[in-house]
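Below is one structure, written out as structure tokens; the observations come after it.
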Amino acid sequence: MYGNEKCSKDSIPEIPVLDKNQGYSIYLCKQVFDRLKSTIFEYCSIGCMDGLFYLTVHGILNRILWFILFILSLIGCYFVTASLFDAREIITLNEQSTVSTYDIPFPAVTVCTTIKADHRFVNYPEAYKHADWGQATEHEQFISVLFKRVLWQMSSSPHSGNRQLDSEVENIEERIFNISIPEKSLIPNCTFNKEKCDWSRILTPEGVCYSFNLLSSEDMFLHDRHQQYITKKNRVYNWNLIDGYENSRYDAYPFRGFIDNILHFRLQINLLDTINSKTPNNGFKIYIGHPVDYPYLEDTSVFIPLNVETTLSITPDIMTASDELKYYSLKNRQCLLKKDNWTRMDTFREYSMNNCRLECIAKKTVQNCECTPFYVPSISRNHTCGMKLRDNIYCYHYAISDRFIRDTISIQLMEYNNLICKCIPACSTITYNVQEITKSVIPASNETDIQFCDITVKFSSNEFIPKRRQESYSVLDVMSAIGGTLGLFVGASVMSVIEVFYYFSIKIIINLLTISSKE
7 MYGNEKCSKD SIPEIPVLDK NQGYSIYLCK QVFDRLKSTI FEYCSIGCMD
57 GLFYLTVHGI LNRILWFILF ILSLIGCYFV TASLFDAREI ITLNEQSTVS
107 TYDIPFPAVT VCTTIKADHR FVNYPEAYKH ADWGQATEHE QFISVLFKRV
157 LWQMSSSPHS GNRQLDSEVE NIEERIFNIS IPEKSLIPNC TFNKEKCDWS
207 RILTPEGVCY SFNLLSSEDM FLHDRHQQYI TKKNRVYNWN LIDGYENSRY
257 DAYPFRGFID NILHFRLQIN LLDTINSKTP NNGFKIYIGH PVDYPYLEDT
307 SVFIPLNVET TLSITPDIMT ASDELKYYSL KNRQCLLKKD NWTRMDTFRE
357 YSMNNCRLEC IAKKTVQNCE CTPFYVPSIS RNHTCGMKLR DNIYCYHYAI
407 SDRFIRDTIS IQLMEYNNLI CKCIPACSTI TYNVQEITKS VIPASNETDI
457 QFCDITVKFS SNEFIPKRRQ ESYSVLDVMS AIGGTLGLFV GASVMSVIEV
507 FYYFSIKIII NLLTISSKE
């Protein structure tokens, strides 16, 4: 029977016995937990934030309900505050102080003529119709090959088998330089600040052009193989793109703008050279740009006809950026800072939208057409487009126009991740706006084959008001907006933040010290 069974020693369960240290640890943890719980209840009872008091009343369902409501209020406060930061706009305001022309570079002036070859070196009509290859000069052979290749690619006729068309034309840049009009023939007179000036010979989409106050090839490009694109050797000194001119010394390069810094030069052509012109309206294209910009004359040049005296009045558009812009996303500020990875280029030392587009041309034509245009400094040693029969002379035109159209749309939609060239404006820039003023017409002379025009380039004023990109809200505005949002959702204020800090840091530390002192 169960009642008669005796309990054996083994059937009695063992009761765990805590040693002295274990018991003290459990007691201490319980004391800390009780003090922390008491602190939280005390804060919820007398705290400033709305809704916390109901977490201390009786009823578990009531506490759960108010806890959920409080969490939802915090979530709503977070999203409203986050949207407030995302909605911050970058505005452009005029600075209160002016900038003197002495503190900014004089613009780089690039001159191109509609006549692409000197009649003393080559005659386009003769080079085109030469039937006897042996009678043509070296320059005429070069021009003849170019004409025939263009016609062959534009026609659907099969390859004629001409050995001159089969061979690759090498050293295209040097050959173009050799047949171009020399600087002294094109620009016989030039003065800047009443001193004689010289020009750099460069390659552009217009062929060989000449630039004044442009950076040297060493300062423009990262690699030595681009030396042939700019012949001038004036190195940058006492100036950099970020800080401008380092001191008040006048001798600096690029040249400063100043009261008396006026560029005056004469351009002339020989009427005998007009047989090599591509247009019946002969004259000159003048491009005004920043010294760090490699001249790219599409849609930005001024055409100057012959026999006129013209003044180009320059008004710089100076844009600066506040330091706070670095905290904004690219989509919100819509411009590039020096810290952005996109400003690191493979060809040019300095980032600008113009230089970025040129580098993009080089990369995309190499990718799609396996060649580069003759006027674009390439990051690789590919051959020049059109210099091999297998080249498609339309390829890079289509590639460039398609990408620029798509990038323009992406910039307007602020979809920067879809950019192909990733060329957007820098936050701090200087652009030069040009106003053409024709003072008088110079009568053409029938006694000479030389026709010319006189051009003066100067600033429209001695001082200009710069513009500044900055955030639309100041620090005080942001604090006020955040405070209003917190007050709207949870009734919080600065005192509420102080209370939270006190109860969950100082108060807890005091309680722990009290427990330690008692023990």
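Add 6 to a position in the sequence shown, counting from 1, and you land on the number used in the numbering used here. Here a beta-carbon is modelled for each residue, glycine too, at the ideal position from N, C-alpha and C.
Of the other Cβ atoms in all chains shown, fewer than 16 fall within 10 Å of the Cβ of G65; this residue is therefore exposed. Rounded to whole angstroms, the separation of the alpha carbons of N347 and D40 is 54 angstroms. The shortest C-alpha to C-alpha distance from V115 to any of K36, I70, L269, K238 is the one to L269.
Put simply, of P383, D109, D257 the residue whose alpha carbon is nearest the alpha carbon of K369 is P383. The stretch 66 to 79 and the stretch 512 to 521 do not touch, with fewer than 3 CB-CB distances between them shorter than 8 angstroms. In the structure shown, C341 falls within a coil segment according to DSSP collapsed to helix, strand and coil. Cβ-Cβ distances below 7 angstroms link F264 to T107, Y108 in the same chain, with the five nearest sequence neighbours on each side left out; the list follows chain order.
Y60 sits away from Y509, with the two beta carbons spaced by 8 angstroms or more.
By the Cβ neighbour-count rule, I461 is buried, with 16 or more other Cβ atoms within 10 Å of its own. Annotated as distal: M485 and R355, with beta-carbon spacing of 8 angstroms or more.
Boundaries around A327 are those of the beta strand (DSSP E), 314 to 327, since no alpha helix (DSSP H) includes it. Sequence-distant partners of P194 (beyond 5 residues in either direction) whose C-beta falls short of 7 angstroms from its own C-beta, in its chain, are R272, Q274.
A Cβ-Cβ contact shorter than 8 angstroms links C459 with I310. In the assembly as shown, H229 is an exposed residue. Its beta-carbon has fewer than 16 other beta-carbons within 10 Å. When secondary structure is reduced to three states using DSSP, C433 falls in the coil class, being assigned neither helix nor strand.
By the 16-neighbour rule on beta-carbons within 10 angstroms, E365 is buried. Shown here for I512: not one same chain residue has a beta carbon closer than 7 angstroms to its own, the five before and five after excluded. Beta-bridge pairing by DSSP links S106 to E469. With the rule of 3 Cβ pairs closer than 8 angstroms, the stretch 306 to 322 does not count as touching the stretch 81 to 91.
By the criterion of a C-beta distance shorter than 8 angstroms, T353 is surrounded in its chain by F227, L228, H229, H232, N361, L364, E365, A368, P383, S384, I385, once the five residues flanking it on both sides are discounted. Looking only at S206, K337, Y302, S103, the smallest Cα-Cα distance to F470 is reached by S103. Counting only residues of its own chain and dropping the five nearest sequence neighbours on each side, P431 has a CB closer than 6 angstroms to the CB of C341, M359.
Comparing alpha-carbon positions, the option among S186, C203, I456 lying closest to K122 turns out to be S186. Less than 8 angstroms separates the beta-carbon of I248 from that of K344. Counting along the chain, the unbroken beta strand (DSSP E) around T210 starts and ends at 206 to 210. Assigned with DSSP and collapsed to three states, L99 falls in strand. If you look at R272, you'll find it in the beta strand (DSSP E) that goes 269 to 276. Here A88 carries a helix assignment [DSSP, helix/strand/coil]. Cβ-Cβ separation between P111 and F261: approximately 7 angstroms, consistent with a contact (criterion under 8 angstroms). C-alpha of R474 to C-alpha of L99: approximately 5 angstroms in a straight line.
Residue I294 holds the alpha-carbon nearest to the alpha-carbon of T306 among I294, G213, D299.
Non-local beta-carbon contacts of G289 in its own chain, meaning distances under 7 angstroms to residues more than five positions away in sequence, involve T120, F309, I310, P311, L312 in chain order.
Assignment of beta-bridge partners to S335 by DSSP yields no partner. Collapsing the DSSP output to three states places K513 in a helix.
Separation of L278 and L192 (C-alpha to C-alpha, rounded to the nearest whole angstrom) is 13 angstroms.
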